[in-house]
Amino acid sequence: MGARRTVAAALLIASLALAGCSATEDVSTSTAGDQRAQPAEADAKAGAPGSGDTAAKPPAGGAQRPVPTATHIIRTAELSVEVGDATKALASIRTTVDGAGGHVANESTERVDDTHVQTRVVLRVPQDHYSAVLAELAGAGRLLSRKADAKDVTDQVVDVESRIATQRASVARVRALMDRATQLSDIVTLEGELSNRQAALESLLAQQASLKDRTEMATITLELSEPERPVPADEGNGPGFLDALAGGWHALTAAVRWTGVVLGAVAPFAVVLAVLYAVWRWLVRPRLTGRAVPAPAVRSGAAPFPTSERD
Numbered sequence: 017m018g019a020r021r022t023v024a025a026a027l028l029i030a031s032l033a034l035a036g037c038s039a040t041e042d043v044s045t046s047t048a049g050d051q052r053a054q055p056a057e058a059d060a061k062a063g064a065p066g067s068g069d070t071a072a073k074p075p076a077g078g079a080q081r082p083v084p085t086a087t088h089i090i091r092t093a094e095l096s097v098e099v100g101d102a103t104k105a106l107a108s109i110r111t112t113v114d115g116a117g118g119h120v121a122n123e124s125t126e127r128v129d130d131t132h133v134q135t136r137v138v139l140r141v142p143q144d145h146y147s148a149v150l151a152e153l154a155g156a157g158r159l160l161s162r163k164a165d166a167k168d169v170t171d172q173v174v175d176v177e178s179r180i181a182t183q184r185a186s187v188a189r190v191r192a193l194m195d196r197a198t199q200l201s202d203i204v205t206l207e208g209e210l211s212n213r214q215a216a217l218e219s220l221l222a223q224q225a226s227l228k229d230r231t232e233m234a235t236i237t238l239e240l241s242e243p244e245r246p247v248p249a250d251e252g253n254g255p256g257f258l259d260a261l262a263g264g265w266h267a268l269t270a271a272v273r274w275t276g277v278v279l280g281a282v283a284p285f286a287v288v289l290a291v292l293y294a295v296w297r298w299l300v301r302p303r304l305t306g307r308a309v310p311a312p313a314v315r316s317g318a319a320p321f322p323t324s325e326r327d
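Sequential numbering from 17 applies to the sequence shown in my numbering.
#1: What three-state label does DSSP hand Q134 in the structure shown?
#2: When we look at the beta-carbon of H88 and count the other beta-carbons within 10 Å, is it buried (16 or more) or exposed?
#3: Beta carbon of T231, beta carbon of I90: below 8 Å?
#4: In chain order, what residues of the same chain lie with their CB nearer than 6 Å to the CB of A281, ignoring the 5 residues before and after it?
#5: With a cut-off of 8 Å, do at least 3 Cβ pairs link the stretch 167 to 182 to the stretch 122 to 139?
#6: Can the beta-carbon of L160 be found less than 8 Å from the beta-carbon of E94?
#7: Between the Cα of A105 and the Cα atoms of R158, A116, L258, which residue gives the shortest distance?
#8: Residue range of the beta strand (DSSP E) that E152 falls in?
#9: Grouping DSSP H, G and I as helix and E and B as strand, with all else coil, what is H88?
#10: DSSP three-state call for P284: helix, strand or coil?
#11: Measuring only the C-alpha atoms, how far is R136 from A121?
#12: Ordered along the chain, which non-local residues of its own chain (more than five positions away) have a Cβ less than 6 Å from that of S124?
#13: Can you pull the DSSP bridge partners for R184?
#14: In the DSSP assignment, what are the bridge partners of V162?
#15: The alpha helix (DSSP H) that contains V204, what's its start and end?
#16: L206 and R184 look like a contact to me (Cβ under 8 Å); what is the Cβ gap, rounded to whole Å?
#17: Which residues bound the alpha helix (DSSP H) around A107?
#18: Rounding to the nearest angstrom, what Cα-Cα distance links E193 and S178 in this structure?
#19: In terms of alpha-carbon separation, which member of R110, V176, L210 lies closest to S226?
#20: List the endpoints of the continuous beta strand (DSSP E) containing E126.
#21: For the putative contact between V16 and A116, defined by C-beta atoms under 8 Å, what is the C-beta separation to the nearest angstrom?
#22: Under the rule that 16 or more other beta-carbon atoms within 10 Å means buried, what is V278, buried or exposed?
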């Protein structure tokens with residue numbers, strides 16, 4: 017019994033000693049924390065408004081702020097400019113766009129009423145040179161209209177990139193399952209699933225490429241037009257002598273031309289008919305006439321023509 021009491025007493029003493037050490041450590045920790053908090057509060061007060069320092073500086077070893085995501089913007093513009101010579105203006109615009117690293121995506125030119133020329137071009141220029149090129153195009157002549165638009169597609173770009181990463185991981189998982197598959201049915205099922213996921217991945221990649229092209233290159237639609245030239249009004253209300261003479265001359269030349277066309281079309285038939293008529297007139301007809309006329313008949317009782325004179 018004495019031994020047991022001795023062991024129990026020793027254990028109790030040890031427990032009390034451990035509890036005291038823990039309490040001492042807690043108190044020490046709390047004291048140290050209070051001591052650290054006091055300088056921090058002092059620094060905060062020192063940096064507060066009204067104190068000697070104008071602003072509190074962040075700690076050198078603090079966490080850095082997250083870097084903001086790059087902004088992706090689709091820029092488009094439409095311009096209508098009146099110029100003296102559309103051909104020369106278009107050549108100058110091509111030089112400007114080529115110098116900025118862009119290109120002409122589309123071009124169409126037409127002449128309106130034989131009085132002036134209109135040209136429509138679609139230009140693609142880098143985003144960095146968009147404002148400069150737009151200003152130069154607007155100053156190429158008399159500005160008739162201008163419309164610019166900027167669409168922020170940053171969220172769309174980030175979403176597509178996230179979906180591409182997820183889809184690539186999904187394709188990789190299916191490939192890993194195919195490598196471990198042993199049964200033919202499992203392989204066929206996994207191949208179908210892999211084909212579907214790869215198709216979805218390619219669609220996302222195409223969408224990403226389209227967004228990249230539209231955000232890196234701005235689109236400018238430019239219309240160049242020449243001023244309309246007034247048409248001189250006729251002095252008289254009706255046609256004059258010269259107009260009538262010119263009309264008659266045109267009618268005569270048209271008649272002669274069509275007559276020549278008709279004669280040229282009829283000439284082969286006329287030659288064939290002439291040859292056939294000549295054959296009939298000089299070859300066939302004389303033979304038929306000679307056969308049809310009989311020799312003169314001798315009348316009965318009539319004396320034959322004398323062949324010679326009788327003595």
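C-beta: ideal position from N, C-alpha, C; glycine also.
This is what the structure gives:
#1: strand
#2: buried
#3: yes
#4: Within the same chain, A281 has no close Cβ partners at all.
#5: no
#6: Contact: no.
#7: Among R158, A116, L258, the Cα nearest to that of A105 belongs to R158.
#8: No beta strand (DSSP E) contains E152, which is instead part of the alpha helix (DSSP H) from 146 to 154.
#9: coil
#10: helix
#11: 11 Å
#12: R136
#13: Looking at the DSSP assignment, R184 forms no beta bridge with any residue, so it has no partner.
#14: For the record, residue 162 in the displayed sequence is Arg; it is not Val. Within the DSSP bridge table, the entry for R162 names L95 as partners.
#15: 200 to 232
#16: With a Cβ gap of about 17 Å, L206 and R184 do not count as contacting.
#17: A107 -> alpha helix (DSSP H) spans 102 to 115.
#18: Note on residue identity: the sequence assigns Leu, not Glu, to residue 193. C-alpha separation (whole angstroms): 23 Å.
#19: V176
#20: 119 to 128
#21: Nothing in the structure corresponds to residue 16, since the chain is present only between 17 and 327.
#22: exposed
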